[in-house]
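Engineer:
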Amino acid sequence: MDQLEDIRSRIAKSAAIAGRDPAGIELVAVSKTHDADAIVPLLEAGHRVFGENRVQEAAAKWPALREAFPDVKLHLVGQLQSNKAEEAVELFDCIHGLDRPSLVTALAKAMEKAGRKVPCFIQVNIGDEEQKGGCAIAEVPALLASAREAGIPVIGLMCVPPAGIEAAPFFALLAEIAADNGLDQLSMGMSDDFETAVLLGATHVRVGSALFGARKKAA
Ligand SMILES: *Cc1c(COP(=O)(O)O)cnc(C)c1O
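Position 113 of the sequence shown, counted from 1, bears residue number 113 in the UniProt record's numbering, the numbering being contiguous throughout.
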């Protein structure tokens, strides 16, 4: 799988520049909108960590793939509606979009019911954009405290910086907020900017189109 090799070596190069161990950087292959035919070559090449942004789509696609590749880890990288929390907790191994008190409640209840704790990232609206998901920067400490109180394992912060502008300052800001809150994992960087994200401390990069090619439909 040439693309996979390419992305892995670019991550390794950036890690080397930053003096980081590339093993500390998880490549989440974002397979949303792509079907099994596109995913299987990555699985066969040994890749096991994938991301989807819709619970419904993941539920349709992954159970069959998981039968063949039981050690797959599935990450939810998009917005999560509270009424899908139960399904998400059953299906996913990591949730990147914890961004509001109502979702803390829903996820805590779902994890309790499933008897399964799913690690979560708090998504931060790092560019303070009106239309974007993520909690406001000022609300991170309170959301983190309430999630912890509810028994949700919060492992770090996640962001999607504003489009059309250099991402580095936003990545640096996310890293600073994480450090201020005692969190050491950072989900940041996509196809166009994952190398920058690695330089600035990303522990999880979410790469879709650079691995799978352009998406057919909007996602
Ligand atoms: C689609 C998506 C990605 C991957 O985007 P690419 O630009 O295709 O790499 C990463 N993160 C989130 C939250 C996404 O929705």
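For glycine and all other residues, C-beta sits at the position ideal for the given N, C-alpha and C.
#1: Can you find at least 3 beta carbon pairs, one from the region 169-180 and one from the region 82-90, that sit closer than 8 Å?
#2: Per the DSSP calculation, Met188 is bridged to which residue(s)?
#3: Per DSSP, Ile95 is paired with what?
#4: Taking Cβ to Cβ, would you say Val28 is nearer than 8 Å to Arg206?
#5: I need the straight-line Cα distance from Ala214 to Ser191, nearest angstrom please.
#6: Any heavy atom of ligand 1 within a distance shorter than 7 Å of the CB on Val160?
#7: Cβ-heavy atom distance between Asp192 and ligand 1 below 7 Å?
#8: Identify every run of the beta strand (DSSP E) within the region 119-184, keeping only runs that are complete inside it and at least 3 residues long; order them along the chain.
#9: What I want to know is whether the C-beta of Val30 ends up closer than 7 Å to one or more non-hydrogen atoms of ligand 1.
#10: For the alpha helix (DSSP H) containing Arg66, list its first residue and its last residue.
#11: Once the 5 residues before and after Ala59 are set aside, which same chain residues still bring their CB inside 8 Å of it?
#12: Would you mind working out which of Trp62, Asn83, Ala36 and Cys94 sits nearest residue 229, comparing C-alpha positions?
#13: Starting from Asp29 and walking both ways along the beta strand (DSSP E), at which residues does that stretch end?
#14: Within its chain, find whatever has a CB closer than 6 Å to the CB of Gly134; leave out the 5 residues flanking it on each side and keep chain order.
#15: Ignore the nearest five residues each way along the sequence and tell me which others in Val118's own chain have a CB closer than 7 Å to its CB.
#16: Judging by CA-CA distance, which residue of Ala175, Leu107, Ala172 and Pro161 is the nearest neighbour of Glu149?
#17: Whether or not the region 5-20 and the region 164-178 are in contact is what I'm after, with contact meaning three or more pairs of Cβ atoms, one per stretch, closer than 8 Å; do they touch?
#18: Could you give the first and the last residue of the continuous alpha helix (DSSP H) run that contains Lys8?
Structural biologist: If we stick to the structure as given:
#1: no
#2: According to DSSP, Met188 bridges with nothing at all.
#3: Leu76 and Cys120
#4: yes
#5: 11 Å
#6: Checking every heavy atom of ligand 1 against the Cβ of Val160, one is found closer than 7 Å.
#7: yes
#8: If we require 3 residues or more, the beta strand (DSSP E) runs fully inside the region 119-184 come out as 120-123 and 154-158.
#9: yes
#10: Val55 to Ala68
#11: Result list for Ala59: Glu87 and Leu91, in chain order.
#12: In this structure the chain extends from 1 to 219, so residue 229 is not present and cannot be described.
#13: Checking the sequence, you will find Ala at residue 29 rather than Asp. From DSSP, the beta strand (DSSP E) with Ala29 extends over Glu26 to Val30.
#14: So the qualifying residues of the chain are Asp99, Gln123, Val124 and Asn125.
#15: Cβ contact annotation for Val118 (same chain, cutoff 7 Å, sequence separation greater than five): Val89, Phe92, Asp93, Cys94, Ile95 and Met111, in chain order.
#16: Leu107
#17: no
#18: Sequence inspection shows Arg at residue 8; the Lys mentioned does not correspond to that position. Looking at the DSSP string, the run of the alpha helix (DSSP H) that includes Arg8 is Asp2 to Ala18.
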